[in-house]
Amino acid sequence: MDAKFKLQDNPKTQMLQIRTKNRWNPEDCHSELFLFKPDLLKVVYRGTKRIYRTVRAEFMLPRNGIGYFEVKIVSFQKGSGNIGVGLVPRSMSLDTWVGRYTDTYGYFDSGKIYGHNTGHFDGFPEFAGDDVIGCGIDWISQEIIYTKNGERLHTSNLYVLTSDDLFPAVTLENPGDIVEANFGPNFKHNFNDVFSNLASVD
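No gaps in the numbering here: position 180 of the sequence shown is 180 in the UniProt record's numbering, and each next residue is one more.
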């Protein structure tokens with residue numbers, strides 16, 4: 001089920017597009033990642049080697065207004081592997097990482113942002129266990145959105161230019177690491193603080 005929220009008093013009249021019934025897709029998940037039932041929001045890496053494994057969401061990010069989701073880092077052994085949160089097309093292999101494949105976008109625990117067909121960008125905040133990472137797109141400006149613990153990162157010059165449908169995705173590298181997705185509507189990032197009043201639209 002999709003929910004739409006009008007961002008009032010914003011000259012762009014943007015809409016926050018939320019797919020509240022979204023979840024990780026068991027048919028689009030690397031075999032070494034395990035999804036916790038029944039809601040399929042939490043995923044753990046059950047492999048034995050440090051190697052990138054990815055899972056995609058069941059539904060793509062809406063292509064108008066603002067699409068957004070969040071991931072909580074439930075368990076993470078910092079320094080022994082990597083976690084990336086981002087957006088990928090259906091064509092990306094599940095044995096690579098978000099941001100490496102053409103037209104994919106990813107924010108990693110090391111503070112690096114990958115994608116935009118330009119390699120990577122340094123200098124962003126690192127993240128670890130218990131942090132909440134958000135990712136989305138403002139389709140009006142075509143800017144990528146990343147947040148950490150509710151605070152938006154400065155990504156005003158990072159654009160999403162692909163015409164491909166993009167799916168929320170997470171990449172795990174270290175066995176035992178666990179993350180949990182939140183597809184809304186209650187996010188750590190408060191869109192009210194950025195766009196004024198948030199009102200439900202039927």
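Ideal placement from N, C-alpha and C gives every residue a C-beta, glycine not left out.
Could you check the C-alpha separation between threonine 155 and glutamate 126 for me, to the nearest Å?
The count along the sequence shown starts at 1 and reaches residue 155 at position 155. The count along the sequence shown starts at 1 and reaches residue 126 at position 126. Each residue's alpha carbon lies about 15 Å from the other.
Of all the options Arg63, Tyr114 and Val44, which has the alpha carbon lying nearest to the alpha carbon of leucine 16?
Locating residue 16 in the sequence shown gives position 16, counting from the first residue. Here the closest residue by C-alpha is Arg63.
Would you report the Cα separation of glycine 184 and phenylalanine 121, rounded to the nearest angstrom?
What you label residue 184 is simply residue 184 of the sequence shown in a count that begins at 1. What you label residue 121 is simply residue 121 of the sequence shown in a count that begins at 1. Pairing glycine 184 with phenylalanine 121, the inter-Cα distance amounts to about 28 Å.
Is the separation between the beta-carbon of arginine 23 and that of glutamate 58 shorter than 8 Å?
In the sequence shown, the residue the question calls residue 23 occupies position 23. In the sequence shown, the residue the question calls residue 58 occupies position 58. Cβ atoms of arginine 23 and glutamate 58: closer than 8 Å.
What beta strand (DSSP E) runs, 3 residues minimum, are completely inside the region 136 to 164?
143 to 148
Could you please give me the residues that DSSP links to lysine 112 through a beta bridge?
Translated into positions along the sequence shown, residue 112 becomes position 112. According to DSSP, which records beta bridges pairwise, lysine 112 is partnered with nothing at all.
From phenylalanine 108 to valine 55, what does the alpha carbon distance come to, in whole angstroms?
The residue you call residue 108 lines up with position 108 of the sequence shown. The residue you call residue 55 lines up with position 55 of the sequence shown. The straight-line gap from Cα to Cα measures roughly 15 Å.
How many angstroms separate the CA atom of valine 74 from the CA atom of tyrosine 105?
In the sequence shown, residue 74 corresponds to position 74, counting from 1. In the sequence shown, residue 105 corresponds to position 105, counting from 1. Spanning the two alpha carbons is a distance of roughly 22 Å.
In this structure, how does DSSP classify residue 208 when only helix, strand and coil are distinguished?
Nothing can be reported for residue 208, as the shown portion of the chain is limited to 1 through 202.
Go through the region 75 to 112 residue by residue and report every complete run of the beta strand (DSSP E) that reaches 3 residues or more, in order.
83 to 88 and 105 to 108
Using the beta-carbon count (16 or more within 10 Å), is leucine 161 buried or exposed?
Within the sequence shown, numbered from 1, the residue matching residue 161 stands at position 161. With fewer than 16 Cβ atoms within 10 Å of its Cβ, leucine 161 is classed as exposed.
Applying the 10 Å Cβ sphere with the 16-neighbour rule, what's the burial state of phenylalanine 36?
Looking up residue 36 in the sequence shown gives position 36. The residue in question, phenylalanine 36, is exposed, as its Cβ has fewer than 16 Cβ neighbours within 10 Å.
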